[in-house]
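Using our numbering, the first residue of the sequence shown is number 5, and each one after it goes up by one.
C-beta atoms are modelled at their ideal positions from N, C-alpha and C, and glycine is treated no differently.
This one's a predicted model, so the numbers in the text were calculated from it and none came from an experiment.
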Amino acid sequence: MRVCHDLRSPIRAIRTHAELLIKKGESEALEGLRPSLGFITDGARKVDALVDALTAYSLAIATDPATFQPVRLDVLVRGALARLEAPLRETGGQVSIGELPRVQGNPDRLMQLFEEVIRNSIMHRGEAPPRIAIQGTREGDDWVIVVKDNGLGIEAGDTERVFRPFERLQGSGAGLGLASGRAIVSAHGGRMWAEAPAEGGLEVRFTLPAE
């Protein structure tokens, strides 16, 4: 966490000052530097996003069972959607929420779990606007939560690869979102996996112990 913090400040400073130079590049000298400045800002933006992803992953793997309390998953999903309001609006995304239970867990990390899975669906959308459905079903001593989307989907043989840290099947993102999600689920005593439906899209499933 400290390393991520120490990286974030200089990277954002580089990005901010490069962007300012681009905006103020009225002189002939600065005009010629625009391509290089653009390269700097793009690289800084990518590193900034990676640092954010590493911070989230660090929080996920450090989930502490001592912080667990009764939480309503539907409330946490709505909190995650509020954080994702901008990308959902930009892509025309819609999320439907079915029955979801109350469980014992860390509210911040479980909200992060939903945020990571929903963001993954938005990032790997197809040509159509994202349509995401979230539903919970009781199965014995567990709740099975299913997050289904209409995105690009994956090959059936890649359902485990999507959870490997830094694995990027479709070349975007840091490759840590679903890895963070699995770490959170594991800390809560559940398991997480993916399925590739024949009709396309992706289903991310995870279990959480029932109260």
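Selected residue, minimal CA-CA separation from residue i, among the options
i: L63; options: G205, W197, I188, E215; result: I188
i: E203; options: A160, F210, R186, G102; result: A160
i: G96; options: L88, E103, G102; result: L88
i: A132; options: G205, R49, A214, R209; result: G205
i: V150; options: A214, F72, A137; result: A137
i: R82; options: F210, L212, L117; result: L117
i: A70; options: I101, K50, G109, G144; result: G109
i: S100; options: E94, L85, A90; result: L85
i: V79; options: A57, F170, G102; result: G102
i: R76; options: E143, L104, E119; result: L104
i: A57; options: E119, E94, E143, R93; result: E119
Alpha helix (DSSP H) segment containing residue i, residue limits
i: T95; result: 89-95
i: G140; result: That residue, G140, is in no alpha helix (DSSP H); its beta strand (DSSP E) goes 135-143.
i: R123; result: 111-127
Unbroken beta strand (DSSP E) run spanning residue i, endpoints
i: L212; result: 207-213
i: P74; result: 73-76
Cut-off 8 Å between Cβ atoms - residues of its own chain near residue i, not counting five sequence neighbours on either side
i: P201; result: K152, G157, E207
i: R209; result: V148, I149, V150, V151, M196, W197, A198, E199
i: P74; result: R106, V107, Q108, E215
i: R123; result: L88, P91, G181
i: T67; result: N110, R113, A187, I188, A191, H192
i: V121; result: V151, G181, L182, G185, V208
i: Y61; result: P169, L180, A183, S184, A187
Residues of its chain near residue i, where Cβ-Cβ distance is below 7 Å and the 5 sequence neighbours each way are ignored
i: R186; result: F167, M196
i: R65; result: Looking at the sequence shown, residue 65 is not Arg but Ile. These residues qualify, in order along the chain: A187.
i: L145; result: The question names Leu, but residue 145 is Asp in the sequence shown. So the list reads P213, A214, once near-sequence residues are dropped.
i: R172; result: G179
i: Q139; result: G102, E103, V150
i: F72; result: Q108, G109, N110
Residue i at chain D interface by Cβ criterion, 8 Å
i: S62; result: Reference to chain D is not applicable here, since this structure consists of a single protein chain.
Contacts around residue i, its chain only, beta-carbon distance under 6 Å, and the 5 residues preceding and following it disregarded
i: T141; result: V148
i: L212; result: V107, W147, H192, G194
i: T20; result: none
i: R135; result: Q98, N154
i: F170; result: G179
i: E143; result: none
i: R93; result: none
Is the region 181-196 close to the region 97-116, with three or more CB pairs under 8 Å?
yes
Quick test of the definition: if touching needs 3 or more C-beta pairs under 8 Å, does the region 159-167 touch the region 178-188?
yes
Is there contact here, the region 145-159 with the region 120-133, by at least three beta-carbon pairs under 8 Å?
yes
To test your reading of the DSSP string, which unbroken beta strand (DSSP E) runs of 3 or more residues are found completely within the region 144-207?
146-153, 196-199
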